[in-house]
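>
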Amino acid sequence: MFGALARKLFGSSNDRFVKGLITGPVVKTNSLEPQFQALSDAQLQAKTQEFRERLDKGESLDDLLPEAFATVREAARRVLGQRHYDVQLVGGLVLHQGKIAEMKTGEGKTLVATLAVYLNALAGKGVHVVTVNDYLAQRDSGWMGRVYGFLGLSVGCIVHGLDDDQRREAYGADITYGTNNEFGFDYLRDNMKFRLEDMVQRPFNFAIVDEVDSILIDEARTPLIISGPAQDSSEMYMRVDRLIPSLVAVEDYEHDEKQKTVALTEAGQVKIEQLLIEAGLLQGDNLYDIHNVNQVHHVNQALRAHVMFQLDRDYIVKDGKVVIIDEFTGRMMEGRRYSEGLHQAIEAKERVEIQRENQTLASITFQNYFRLYPKLAGMTGTAQTEAAEFGEIYNLEVVEIPTNVPVQRKDQDDEVYRTVREKYDAIVALIRECNARNQPVLVGTVSIEKSETLAALLQREKIPHNVLNARFHEQEAYIVAQAGRPGAVTIATNMAGRGTDIQLGGNVEMRVDLELAGIEDQAARDQREAEIRAEVARNKEIVLAAGGLYVVGTERHESRRIDNQLRGRSGRQGDPGGSKFFLSLEDDLMRIFASERLDGILRRFGLKEGEAIIHPWINRALEKAQEKVEARNFDIRKNLLRFDNVMNDQRKVIYEQRREIMQADDATAMVADMRQEVVAGMVARAIPENSYAEKWNIDGLHEEGLRIFGLDLPVQDWAKEEGIADREIEERIQTAVEAKMAAKVEAYGPELMQMAEKSLLLQILDQSWKDHLLTLDHLRQGINLRAYAQRDPLREYQAEAFNLFEEMLAGLRENVTQVLAQVELRVNRPEEIETQQRAAMQREMHEGRLDPALGAPPPEMATAAGAVAAASAALALNPEWADTPRNAPCPCGSGKKFKHCHGSVV
Numbered sequence: 001m002f003g004a005l006a007r008k009l010f011g012s013s014n015d016r017f018v019k020g021l022i023t024g025p026v027v028k029t030n031s032l033e034p035q036f037q038a039l040s041d042a043q044l045q046a047k048t049q050e051f052r053e054r055l056d057k058g059e060s061l062d063d064l065l066p067e068a069f070a071t072v073r074e075a076a077r078r079v080l081g082q083r084h085y086d087v088q089l090v091g092g093l094v095l096h097q098g099k100i101a102e103m104k105t106g107e108g109k110t111l112v113a114t115l116a117v118y119l120n121a122l123a124g125k126g127v128h129v130v131t132v133n134d135y136l137a138q139r140d141s142g143w144m145g146r147v148y149g150f151l152g153l154s155v156g157c158i159v160h161g162l163d164d165d166q167r168r169e170a171y172g173a174d175i176t177y178g179t180n181n182e183f184g185f186d187y188l189r190d191n192m193k194f195r196l197e198d199m200v201q202r203p204f205n206f207a208i209v210d211e212v213d214s215i216l217i218d219e220a221r222t223p224l225i226i227s228g229p230a231q232d233s234s235e236m237y238m239r240v241d242r243l244i245p246s247l248v249a250v251e252d253y254e255h256d257e258k259q260k261t262v263a264l265t266e267a268g269q270v271k272i273e274q275l276l277i278e279a280g281l282l283q284g285d286n287l288y289d290i291h292n293v294n295q296v297h298h299v300n301q302a303l304r305a306h307v308m309f310q311l312d313r314d315y316i317v318k319d320g321k322v323v324i325i326d327e328f329t330g331r332m333m334e335g336r337r338y339s340e341g342l343h344q345a346i347e348a349k350e351r352v353e354i355q356r357e358n359q360t361l362a363s364i365t366f367q368n369y370f371r372l373y374p375k376l377a378g379m380t381g382t383a384q385t386e387a388a389e390f391g392e393i394y395n396l397e398v399v400e401i402p403t404n405v406p407v408q409r410k411d412q413d414d415e416v417y418r419t420v421r422e423k424y425d426a427i428v429a430l431i432r433e434c435n436a437r438n439q440p441v442l443v444g445t446v447s448i449e450k451s452e453t454l455a456a457l458l459q460r461e462k463i464p465h466n467v468l469n470a471r472f473h474e475q476e477a478y479i480v481a482q483a484g485r486p487g488a489v490t491i492a493t494n495m496a497g498r499g500t501d502i503q504l505g506g507n508v509e510m511r512v513d514l515e516l517a518g519i520e521d522q523a524a525r526d527q528r529e530a531e532i533r534a535e536v537a538r539n540k541e542i543v544l545a546a547g548g549l550y551v552v553g554t555e556r557h558e559s560r561r562i563d564n565q566l567r568g569r570s571g572r573q574g575d576p577g578g579s580k581f582f583l584s585l586e587d588d589l590m591r592i593f594a595s596e597r598l599d600g601i602l603r604r605f606g607l608k609e610g611e612a613i614i615h616p617w618i619n620r621a622l623e624k625a626q627e628k629v630e631a632r633n634f635d636i637r638k639n640l641l642r643f644d645n646v647m648n649d650q651r652k653v654i655y656e657q658r659r660e661i662m663q664a665d666d667a668t669a670m671v672a673d674m675r676q677e678v679v680a681g682m683v684a685r686a687i688p689e690n691s692y693a694e695k696w697n698i699d700g701l702h703e704e705g706l707r708i709f710g711l712d713l714p715v716q717d718w719a720k721e722e723g724i725a726d727r728e729i730e731e732r733i734q735t736a737v738e739a740k741m742a743a744k745v746e747a748y749g750p751e752l753m754q755m756a757e758k759s760l761l762l763q764i765l766d767q768s769w770k771d772h773l774l775t776l777d778h779l780r781q782g783i784n785l786r787a788y789a790q791r792d793p794l795r796e797y798q799a800e801a802f803n804l805f806e807e808m809l810a811g812l813r814e815n816v817t818q819v820l821a822q823v824e825l826r827v828n829r830p831e832e833i834e835t836q837q838r839a840a841m842q843r844e845m846h847e848g849r850l851d852p853a854l855g856a857p858p859p860e861m862a863t864a865a866g867a868v869a870a871a872s873a874a875l876a877l878n879p880e881w882a883d884t885p886r887n888a889p890c891p892c893g894s895g896k897k898f899k900h901c902h903g904s905v906v
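Note that UniProt numbering has the sequence shown beginning at 1, numbered continuously upward.
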C-alpha cells in the first residue's frame, strides 16, 4: 500500500532513472543541435577524427557522449531523413551504459542503436550488433551503415556462407553486424585453428543484442555445438522405432506435460522387453542389464520422439530432412539438431534418411558466450517479465523507455470458450467483421499446424489471407510489412523478433523496391513511385478510420513476453489499434494448468455452446499460471548453466593454452616442462615417498621408460646401489631423456623440431579435449541418477569433471612426450607436402571428419605434422603396440617389420 502511494507521488525507480537521463545528457545533446545543424557535411564528418584524437589524449567516452550523440542525430537526419526523438536518445544512453532498453514495437530501436554503436566504435576496438537472422543483419548493416559510412566508420556483416578472409575483413571493421549463431560458431572455430593469423575474430569489446529476450533467453536453452560424426547406429534406430507404436496403451508409459517428461511404466517395460527379445535386440531378458545400456538409450529416445514431439509443431520435414521449429519464434532452425540421438529417433519416426550421430568437438552456451564481452547491452519490446533472469545470469538491468507518443491501442479482456471449435468460430466471426470494414487483422498462432487449421477455415469462408510460418520463411519480411493494408488478414506463428514494422496502409519502401525492380526508364520509375506513395497514403487513411491494426491471439503462450510481442505489433507510434485473445479449455496452457477447475466454474455458470466468459479475473489467473511456468523454465535454464559453467572453466583453460602455444615462437620450454612432469610421475608411481627399497616397482619403472621414451635404462642396477634415493634415480632418467632429445635436435635441426613440437602440442591437445568433451557428455547424461542416493548431482558432476580434467592433462603430457621421443622426421619436397596435404584434406572432408571452414595445418608445419600424426595414430590404434620394438614383426600380422607397417612415421 505504502509502496503504491510512493510510486504515485514520486514515480517508480525506473521513472526516476529515465527522468535523470532526460534532464541531464538529453538536455545537453539538444542544446548542441543548432550548432551541429550549422556545420557543413565535411565539418560534421571531421568530428569522428576529432573525437578519436580526444580519446587518445585521455578523454573518456562519457566526456564525448553529448557531442557524439548530436553528431549521429544530425548525420541520420541528413542521410536517412530521420531525426532521433528524445526518448530515442534515452534509449541510446541506456545501451551505452550496458543495460537493456525496453522499447515498444515501432519506436525505432534500429535507429536508437546507432547512438551507442557510433560512440563505442570511436575507440577502434570493434562493436558487434547481434540480430536474430541473416536478413536483419544485412538490412540493418546496409540501412544504418549509410550513417556510419557518412561519418567515416567502416561496417561489416557476418552471414552464413562467407569464407575466412571475408569474415576476417568484416570483424576488422569498426562495426560488425551478424547473427548470434554466426558470432558464436566463429568463436568456436577460431579456437580450433592452428595459427593466430587464421583466426577471424578480434578480442571482444562491446555488443548490442537486438531482440535480446529472444536470443539470451529463448535460444539460450540450446548450446552451440560443432560436432563430427560418431559411430553409425541408423539401423538400430529404425528397428527400435518399429516397436514403439505397440506401446499405445495408457498404462505403458507416464507422460508429464508440465515437466515435459515421458517414462515407461512397469507394464510398459515388460512389454518392450518382450518385443526386443522377439526382435533379437536384447541380451538376456532384462532391459536394464549392464549389457543393454545402448538398447535403453534407443527405447527412451524413440518413446520421446513419438510421445513428446509432434510434426508441424516441434519440427517439419523439408527436402527429406527433419528441421526443428523454434517454439518461440516459429522459425526453422536450419543446421540445428536435437542431441543425444533424439534427432535420429525423430528421423526414424518420419522415415527419412537418418543422419549419423555426432560427437561434440567444441561447444558453448549463449550465456557463456555473451558473458565474454566486457560490455554488453540489449534492446527489445518485451524484457521486463524476465528482468530477474537478465540480472542474475548476465548482470544486465532492464530500463523501460517511455513511448514517443502515448499508446492508443485498446487491449480487451480474453474470451474463454469450452471447446476449440467454439473458439475458432468466434475468431472467424471477428475476422469477417474486421474484414468487412477494411480493418487489417494480424492473427497469432503457436504452431504451424494451428496456423494452417485456421487458414483452412478462412479459405472455407472465402476470406483472403496470408500465412506466415516456417514453411514460408523466405517471404517473411514482405508479408509482415504489408500486413497493415486495408482488409489484410495475416496469420503468423509467434511474432517474436520479426524485426519488420507493420505500417498502416502498407510499407512504401518495400513496395517501391519490389514494383520498380524491372522498370529502367527514370521518368516511369518516378511516376510509379509517386503513384505508390499516394496509394499508401490513401490506404492509411482508410485503415485509421477503420480503427487501426487489430491483433487476435488464438491462445495464450507459456511466456507472457510472446503474448506481449504479438500485442505490441498494433498501436505503433500512437496509431490506433486493438487486441484480444481467444482461449478454450482444450488449449495446451489451459488444459495442463487450469482445465478441470475452470470447466467446473463454467458449467455452474450455465455456459451454453458458443458463449464465452469474459472477466478481468480470468486474465489475472492466466498471468499467474504463466508466471509459474516462466519461473520453472528459468530454474531449468539456471540449472543447465550451472552444469555448463563447469565445462566453461575448463574450456577457458584449454583455449588460453592453445592461444599461448600459437603465440609462442617455439614450444620447446613447454615440452621440456611436460617431460619433466612425466618423468617425475613415473618415478613417484614406482617409488612411493618414504617407502623401503623392497616396495619399489623397479621392473615397472623400466617398462615405463621403454614404453614412453624408447630407452632401455639400467634402473635395476641403479636401485641396487647403496643409499640411492628416488630423487637421484629421477635425475638420471631426466639426464638420459634430455640426451636423447638433444640428439634428435642435432639430427633434425632445431627449426624442424620446433615445428614438430608446436604442431604436435596443438593436435594432441585438440584430440584430448575432444575425447574429454565426449566423456563429459556421457557423465552428464547419467549424473542426475545420483540424486536417488541422496547426493547433489551438481556437486558430483563438479568433482568428477575436475578429476577427469586432471586425468586429461596428465594423459596429454604423457602422449606429447611419448610421441616426440619416438617420432622420426623426414624433410619432404614442397610439391610432396602440397600433394599429401590436399589428399588428406579431401579424404577427411569426404568422410565428414573435417569442417572446410576450419582449414588445415599451415604448409610449413606439414612435414612435422604428418610425421607426428602418423606416430600418434599408430599408438592410438592399439596402445599395447606402443611397446613393440621398431625392428620386430608388426603385431597386425602383415609380416612386415613394425617400423615399416603400423610403426611407420613417414
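Glycine included, C-beta positions come from ideal geometry on N, C-alpha and C.
May I ask you to report which of helix, strand or coil DSSP gives L457?
Here L457 sits in helix by DSSP.
> Quick one: what's got a C-beta closer than 6 Å to D666's C-beta in the same chain, skipping five residues either side?
Sequence-distant Cβ neighbours of D666 in its own chain, meaning closer than 6 Å and more than five residues away, are Q754.
> Between the beta-carbon of R167 and the beta-carbon of I226, is there less than 8 Å?
no
> Would a C-beta distance cut-off of 8 Å place A488 and P440 closer than the cut-off?
In contact: A488 and P440 (Cβ atoms closer than 8 Å).
> Identify whether M199 lies in helix, strand or coil by the three-state DSSP scheme.
coil
> Distance check for S31 and P374, CA to CA, integer angstroms please.
32 Å
> Can you tell me whether DSSP reads R16 as helix, strand or coil?
helix
> For M379, report the span of its beta strand (DSSP E) as first-last.
K375 to T380
> List the DSSP bridge partners of G578.
K410 and Y550
> On the CB-based measure, 16 or more other CB atoms within 10 Å of its CB, does A869 come out buried or exposed?
Reliability fails at A869, whose pLDDT of 43 lies under 50, so the model's placement of it is uncertain and no value is given.
> Taking only the alpha-carbon atoms, compute the straight-line gap between L760 and F183 and give it to the nearest angstrom.
Cα-Cα distance, rounded: 28 Å.
> Any chance the segment 375-393 sits against the segment 555-562, with 3 or more Cβ pairs inside 8 Å?
yes
> By DSSP, does E102 sit in helix, in strand, or in coil?
strand
> How long is the line joining the alpha carbons of G156 and L162, rounded to whole angstroms?
12 Å
> Relative to the C-alpha of V551, which residue among G484, E609 and E535 is closest?
G484
> Does the ligand SAM have a heavy atom nearer than 7 Å to the CB of Q295?
Absence of the ligand SAM from the depicted structure is noted, as is the absence of any ligand whatsoever, leaving it without description.
> Give me the DSSP bridge partner(s) of N466.
T490
> Just how far apart, CA to CA, sit E630 and D673?
Using only the alpha carbons, I get a separation of about 51 Å.
> Quick check on D521: buried or exposed, where buried means 16 or more other Cβ atoms within 10 Å of its Cβ?
exposed
> What span of residues does the beta strand (DSSP E) with V398 cover, start to end?
V398 to E400
> Mapping DSSP to helix, strand and coil, what is F206?
Residue state, collapsed to three classes: strand.
> Taking 8 Å as the threshold, find out whether the segment 677-685 comes into contact with the segment 653-661 through three or more Cβ pairs.
No, the segment 677-685 is not in contact with the segment 653-661.
> Give the DSSP bridge partners of residue 917, in chain order.
Lying outside 1 to 906, the shown extent of the chain, residue 917 is not represented and no answer is given.
> Taking its Cβ as the centre, do 16 or more other Cβ atoms sit within 10 Å of H778, making it buried, or is it exposed?
exposed
> Buried or exposed for H846, going by 16 or more other Cβ atoms inside 10 Å?
Below a pLDDT of 50, predicted positions are generally treated as unreliable, and H846, at 44, falls in that range; the measurement from the model is reported next regardless. Exposed, since its Cβ has fewer than 16 Cβ neighbours within 10 Å.
> Per DSSP, what are the beta-bridge partners of Y177 in this structure?
Per DSSP, V129 and C157.
> Near G391, which residues of its chain fall below 6 Å by C-beta distance, leaving aside the five closest residues on each side in sequence?
Excluding sequence positions up to five before and after G391, its CB lies less than 6 Å from no other CB in the same chain.
> Measure the C-alpha to C-alpha separation of Q818 and E807 and round it to an integer number of angstroms.
16 Å
> Thinking C-alpha only, which one of A481, R642, F309 and A207 is nearest V127?
A207
> Straight-line CA distance for N690 to L785?
N690 and L785: Cα-Cα distance of roughly 41 Å.
> In the structure shown, what three-state DSSP assignment does M753 receive?
helix
> Taking C-beta to C-beta, are L549 and L442 nearer than 8 Å?
yes
> State the beta-bridge partners of L224 as determined by DSSP.
Under DSSP, L224 forms a beta bridge with I364.
> Evaluate E433 with the Cβ neighbour count: other Cβ atoms within 10 Å of its Cβ, from every protein chain shown; 16 or more gives buried, anything less gives exposed.
exposed
> Between T445 and T493, which are expected to be in contact by the criterion C-beta below 8 Å, what is the C-beta distance as a whole number of angstroms?
Under the criterion of beta carbons closer than 8 Å, T445 and T493 qualify as touching, at roughly 6 Å.
> Any idea if Y692 is buried or exposed, counting beta-carbon neighbours within 10 angstroms, 16 or more meaning buried?
Per the 10 Å Cβ criterion, exposed.
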